RNA sequence: GGCGGCGUAGCUCAGUCGGCUAGAGCAGUGGAAUCAUAAUCCACGUGUCCGGGGUUCGAGUCCCUGCGCCGCUACCA
């Protein structure tokens, strides 16, 4: 029909420190797989590349916490995710990983090339260095006392206790998280990608792509509006792709302990995985056709959190390198919520793919998810909806149509395709649908309108049921056997068409229908438009495609989720309590707690959380600032009796003097309530 | 507080460059049919398109503003 297109499709490399959940699938994986499967049926020259992103600090920290090596962590999740993706029907041509030697080499070559072209800015700067471990310390690897709250185990970038963001130099008594040695300031060198310099070029390029999704263009514009900032592409870390030694030497630097920053090497993973794919195919240069021939359509499927990397940073890298194609489109999706709430992996509030696959069929989730993708805005997944769509649409409309047709053919036409006779008006209408639907559905997929594709696909199945009903073959069987034969013939043809156009979203079901109809596994999209089943051809007995999902099964999943947040948090709290540091009574005596009454309260300008309070401490009146504006209004506070730390050293918060601190209790949900006293007692009373 | 996004039927969502009485599926009510997984098919919607202004011959769609929700960000619980 049309000339063969060469298409390279990628899905965001999942980070190998956890399993895959629904949000991932809806954002980057399922749409890409539908797109790719469609193009394969269309006969396009398409390959689909993905893999594990295995570098970066979180993986290191996790390895340390578990007392294993980073490689152990990534091995675990690489295997797990690869397996569950396969079981879900993700049809990657290659699923690589960024810890592979090919990837290390490819990223180093990429870096070397940009270095040769003098793209980078090399900056000398001073950073903390661990003299024992002989490595520079990333912010996260410096621990010390928080200058603001005095917490002794604050991270170099943030204090977990008081939440304030820090830089490692702020810490009092800093120490290395790895060896506990005292870090020293030492000069180091980092390579920066001068994005600011590329902004004009990038804007021009983006302007040529006004057909991209509005949500994607909107995000990009806001980055441009802020002005692009130069970004360091190297890091002093022991886990990652090392800086090529020759380049380090060029700058008189020791390359050891210096790696490419993970955001730099991860997208190059698409290229290295393609190279490995070509090697596996026994044609090592084959990858070049996909990455270096300008006629290739490169399409990145990602979630919205990844837009800046795929629409600005990676394209800038590719442009400056010079040998590669730039993405034709980046159809990023928004986020998927769960039962009306945000997903939270740390609270285990998510539906994990490997867990799902132990209980349900992959096609059910593929269908339900694809029908409710967050294409233009955040969407919501609920188990009740999942059950309804599975039962009402997959089982009742699609499954039942195939079943009633095949069963009928067996019962009254001895399991053979009955002959096609003369067509009446209704028959011709159905044939017309068979002819036109595939190209309409294909267009929708081409335009990344997957939800519309799903809806229209099911409309065709609905029409098929209506046709069956209106033709009443159970009556014509006696009155007009020829008409009956024609009806069943066309219903079988329609089942075949449905199976082909469903393949991108329901690959397993499609194959089961092909088996039932005794047709080859190598159907093409164009076959869907034709009546390819021959008169008299044998078909297999009917098989139930989708079994109904019962209420109690769904109820269990809902309950599991409802409990997921809470118990987990309790565990976290208990853990913290057992790890709690003990203090002496003398330490406690240092804190002077007193009862006070709030006299006045007003909001602090330009701060969401802060209230400025005047309090009566008995012998004196004072002003304090409290971060409780999101939980208490100024009016309701006046007259309240509170507990304050009276001897806290004064501080200025957003320009407002704070002379003391009130006490409040908060839970892990972020609920907050003030501490108060049980009975009347004078202001200024001491608490012990 | 700053920047960005969102607010359409009971529920989940469509509404392309502003243009005919604002749509789909589900749920609900009534009916037809009995080949089929009690499945199917048909009929039925007085929705302040969050509120208020404005631009326009015409606005769910564009502009301003208020409210509510979400994200990023700043701010000692």
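Residue numbers (this note's numbering): -6 to 681.
Cβ atoms here follow ideal geometry from the backbone N, Cα and C, with glycine treated the same way.
Please read all numbers here as calculations on a predicted model, not as lab measurements.
What's the gap between the Cα of residue i and the Cα of residue j?
i: residue 54; j: residue 306; result: 26 Å
i: residue 227; j: residue 185; result: 8 Å
i: residue 258; j: residue 264; result: 10 Å
i: residue 541; j: residue 448; result: 20 Å
i: residue 494; j: residue 218; result: 43 Å
i: residue 270; j: residue 95; result: 11 Å
i: residue 642; j: residue 652; result: 7 Å
i: residue 81; j: residue 3; result: 17 Å
i: residue 42; j: residue 291; result: 11 Å
i: residue 415; j: residue 401; result: 20 Å
i: residue 86; j: residue 513; result: 22 Å
i: residue 289; j: residue 439; result: 15 Å
i: residue 97; j: residue 253; result: 10 Å
Rank the options by C-alpha distance to the C-alpha of residue i and give the top, closest one.
i: residue 335; options: 1, 9, 14, 674; result: 14
i: residue 198; options: 304, 253, 135, 93; result: 304
i: residue 37; options: 517, 243, 312, 17; result: 517
i: residue 33; options: 136, 80, 84, 56; result: 84
i: residue 634; options: 7, 451, 675; result: 675
i: residue 588; options: 669, 620, 545; result: 669
i: residue 510; options: 172, 403, 376, 285; result: 403
i: residue 390; options: 311, 455, 188; result: 455
i: residue 243; options: 548, 606, 182, 289; result: 182
i: residue 426; options: 68, 358, 521, 597; result: 521
i: residue 705; options: 584, 432, 586, 360; result: Any answer about residue 705 is impossible in this case: the structure gives the chain only from -6 up to 681.
i: residue 298; options: 466, 240, 209, 308; result: 209
i: residue 205; options: 129, 677, 492, 368; result: 368
On the three-state DSSP scale, how would you describe residue i?
i: residue 594; result: strand
i: residue 663; result: For residue 663, the pLDDT reaches just 49, beneath the cut-off of 50, and the residue's location in the model is therefore unreliable, although a value from the coordinates is still provided. Coil, per DSSP.
i: residue 429; result: helix
i: residue 492; result: helix
i: residue -1; result: strand
i: residue 237; result: coil
i: residue 181; result: strand
i: residue 654; result: strand
i: residue 167; result: strand
i: residue 137; result: strand
i: residue 396; result: helix
i: residue 527; result: coil
i: residue 637; result: strand
i: residue 614; result: strand
i: residue 372; result: strand
i: residue 480; result: helix
i: residue 202; result: coil
i: residue 123; result: strand
i: residue 30; result: helix
i: residue 270; result: helix
i: residue 46; result: strand
i: residue 155; result: Annotation note: pLDDT 48 at residue 155 (below 50); position unreliable, coordinate value reported separately. The answer is coil: DSSP assigns residue 155 none of H, G, I, E or B.
Please classify residue i: is it buried, with 16 or more other beta-carbons within 10 angstroms of its beta-carbon, or exposed?
i: residue 355; result: buried
i: residue 123; result: buried
i: residue 496; result: buried
i: residue 220; result: exposed
i: residue 681; result: exposed
i: residue 546; result: exposed
i: residue 575; result: Since pLDDT at residue 575 reaches only 49, below the 50 mark, its modelled position is unreliable, and no value is offered.
i: residue 61; result: exposed
i: residue 637; result: buried
i: residue 11; result: buried
Using 7 Å as the threshold, is the C-beta distance between residue i and residue j below it?
i: residue 255; j: residue 100; result: no
i: residue 119; j: residue 178; result: yes
i: residue 408; j: residue 537; result: no
i: residue 250; j: residue 231; result: yes
i: residue 503; j: residue 398; result: no
i: residue 482; j: residue 413; result: yes
i: residue 543; j: residue 451; result: no
i: residue 373; j: residue 333; result: yes
i: residue 554; j: residue 19; result: no
i: residue 261; j: residue 113; result: no
i: residue 47; j: residue 9; result: yes
i: residue 364; j: residue 326; result: no
i: residue 395; j: residue 528; result: no
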